[in-house]
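*Asks:* Here the sequence shown is numbered in full-length UniProt numbering, starting from 1 and rising by one per residue.
Just so it is clear, CB atoms sit at the ideal spot from N, CA and C, and this is done for glycine as well.
Please find one structure pasted underneath; my questions will follow.
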Amino acid sequence: MPMPRQNAYINSKLMDDHDLHIYLQVVEANYVAKKQDLFSAYKLTDEDKAKIEKLSKDPRIGERIVKSIAPSIYGHEGIKTAIALAMFGGQEKNEKGKHRLRGDINILLLGDPGTAKSQFLKYVEKTGHRAVYTTRKGASAVGLTAAVHKDPVTREWTLEGGALVLADRGICLIDEFDKMNDQDRDG
Numbered sequence: 001m002p003m004p005r006q007n008a009y010i011n012s013k014l015m016d017d018h019d020l021h022i023y024l025q026v027v028e029a030n031y032v033a034k035k036q037d038l039f040s041a042y043k044l045t046d047e048d049k050a051k052i053e054k055l056s057k058d059p060r061i062g063e064r065i066v067k068s069i070a071p072s073i074y075g076h077e078g079i080k081t082a083i084a085l086a087m088f089g090g091q092e093k094n095e096k097g098k099h100r101l102r103g104d105i106n107i108l109l110l111g112d113p114g115t116a117k118s119q120f121l122k123y124v125e126k127t128g129h130r131a132v133y134t135t136r137k138g139a140s141a142v143g144l145t146a147a148v149h150k151d152p153v154t155r156e157w158t159l160e161g162g163a164l165v166l167a168d169r170g171i172c173l174i175d176e177f178d179k180m181n182d183q184d185r186d187g
């Protein structure tokens, strides 16, 4: 039963044979201002800057970073090094204004079951900036890029970004990539 439209409107819909109503609240806006970025609220203190400066001069800084990646997983220094490099990213290059070379580092982890591949992905998801984790279930071609959905209550069509879109300038983690359909891997 639709209510008169004001700044927001509410629709209800009867579900099955139960007396259950679903309410959807929608706020229409003419302008949205971003108040702060995720990391803009954090300001480095002089003490933080001094610690970072000291760490940058440590000859073993690379080794320390690698050891800090998934410390609960023993060994796998090669994988941990690759993950650290991917999390820090490479240097973006612009070749004489002709074309841009992204500095993204891609990793493909292959291994027997039980070799901590999923645990590495979960670690990166928890610690990485703009890290998006998905599995083969959510990793269809549509789930990776974007999908169009129709809202059952408002009956409006919306475009929802997939894992690759949400991880733009971040890290997209796809678990069980080998179990995806061939068509979805090509998407």
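With three or more beta-carbon pairs closer than 8 Å as the criterion, would you say the stretch 67 to 77 touches the stretch 114 to 134?
*Replies:* yes
*Asks:* Would you say Tyr133 and Leu108 are within 7 Å of each other, going by their C-beta atoms?
*Replies:* no
*Asks:* So, helix, strand or coil for Arg5, using DSSP?
*Replies:* Caution applies to Arg5, whose pLDDT of 43 falls short of 50 and renders its modelled position unreliable; the value that the coordinates give is listed next. DSSP places Arg5 in coil when its eight states are reduced to three.
*Asks:* Quick check on the DSSP output: the alpha helix (DSSP H) that includes Tyr123 runs from which residue to which?
*Replies:* Lys117 to Thr127
*Asks:* I'd like to confirm the pairing. Which residues does DSSP put opposite Arg100 in its beta bridges?
*Replies:* Asn94
*Asks:* So, helix, strand or coil for Lys13, using DSSP?
*Replies:* The predicted position of Lys13 is uncertain, since its pLDDT is 45 and thus under 50; no value can be drawn from it.
*Asks:* Is Leu173 helix, strand or coil when you go by DSSP?
*Replies:* strand
*Asks:* The beta strand (DSSP E) spanning Glu156 covers which residue range?
*Replies:* Premise fails: Glu156 is in no beta strand (DSSP E) and is neither H nor E.
*Asks:* Tell me Tyr133's beta-bridge partners as DSSP assigns them.
*Replies:* Leu173
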